[in-house]
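Q:
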Amino acid sequence: MISLGTLKVIGIIAASIATLASVGTEGFYAWKVYEIDNVCSSFKNESDVCQYEELQVRSYVGLGEGIVGSCVSICLIVGFVFLNLPLIWIWVVWGLGIMSYNAYCIYDYYTMIDETIMSPGGFDWNTLVGESYSYFFIVAITSVCWYGLVLLMAIPVGATITHMYRKGNVASFEIGGAYVWDNDAFEMD
Numbered sequence: 001m002i003s004l005g006t007l008k009v010i011g012i013i014a015a016s017i018a019t020l021a022s023v024g025t026e027g028f029y030a031w032k033v034y035e036i037d038n039v040c041s042s043f044k045n046e047s048d049v050c051q052y053e054e055l056q057v058r059s060y061v062g063l064g065e066g067i068v069g070s071c072v073s074i075c076l077i078v079g080f081v082f083l084n085l086p087l088i089w090i091w092v093v094w095g096l097g098i099m100s101y102n103a104y105c106i107y108d109y110y111t112m113i114d115e116t117i118m119s120p121g122g123f124d125w126n127t128l129v130g131e132s133y134s135y136f137f138i139v140a141i142t143s144v145c146w147y148g149l150v151l152l153m154a155i156p157v158g159a160t161i162t163h164m165y166r167k168g169n170v171a172s173f174e175i176g177g178a179y180v181w182d183n184d185a186f187e188m189d
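With the UniProt record's numbering, the residue at position 103 of the sequence shown is 103, and numbering never jumps.
Written as structure tokens, this is what we have:
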């Protein structure tokens, strides 16, 4: 038997992880936006972000992703604390969208790395470390992993709480219990 309190704790832990991932994303891209605004405008142009326009665009998009992600993740915490189901499911949709976008970015970064600095023998991390593409690539992979972990926790917990509300049994949920069909819409006379 899983109590509602246990589900709320699991949900709050998942929401806290989502908030930390969003704040980390926001911090990384804020650093890159600062670099774009200050380093690229000088005559030095020592950063790779200044050379690749797609990294500049991704920095601004990533900063927005981090800011909105932090707000939506805080809404997820509120959703689990006060059991507000729309807030929980809004975050799930947000998480799936951001995970999909970051998966696309991983593909995009990988193809760029493949075209420019990969040797025929394999993945040359020593060359990649000095490039800004490596940071963007690793941040996108990390984001997909964190959001995937949170989704693996939030979807089952959200579905269980939703099922509890539908059945009217919000106090506890028995796993493996007999399902009783209580809908008489298909009942024949």
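Positions of the beta carbon are idealized from the N, C-alpha and C atoms, including for glycine. Predicted, not measured: the structure shown is a model, and the values here were computed from it.
1. For C40, report the span of its alpha helix (DSSP H) as first-last.
2. Is the CB-CB distance between I106 and A140 below 8 Å?
3. Hey, is M164 close to the ligand COA, as in C-beta under 7 Å from one of its heavy atoms?
4. In terms of residues, what are the limits of the alpha helix (DSSP H) holding Y52?
5. Please classify R166 as buried or exposed, where buried requires at least 16 neighbouring CB atoms within 10 angstroms.
6. Taking contact to mean at least 3 C-beta pairs separated by less than 8 Å, is the segment 57-64 in contact with the segment 17-34?
7. Ignore the nearest five residues each way along the sequence and tell me which others in A14's own chain have a CB closer than 6 Å to its CB.
8. Tell me which same chain residues have a C-beta within less than 7 Å of the C-beta of F136, skipping the five on either side of it?
A: On the basis of the supplied data:
1. Counting from one through the sequence shown, the residue named residue 40 turns up at place 40. Taken as a continuous stretch (DSSP letters only), C40 belongs to no alpha helix (DSSP H), as it is neither H nor E.
2. Within the sequence shown, residue 106 is the residue found at index 106, counting from 1. Within the sequence shown, residue 140 is the residue found at index 140, counting from 1. Yes.
3. Absent from the structure shown: the ligand COA. Ligands present: none.
4. Taking the sequence shown and counting its residues from 1, the one referred to as residue 52 is at position 52. Careful: Y52 lies outside any alpha helix (DSSP H) and carries neither H nor E.
5. By one-based count along the sequence shown, residue 166 stands at place 166. Looking at its Cβ environment, which holds fewer than 16 other Cβ atoms inside 10 Å, R166 is exposed.
6. yes
7. Against the sequence shown, residue 14 aligns to sequence position 14. Same-chain partners within the cutoff: V150, M153 and A154.
8. Taking the sequence shown and counting its residues from 1, the one referred to as residue 136 is at position 136. L55, R58 and Y109, listed in sequence order.
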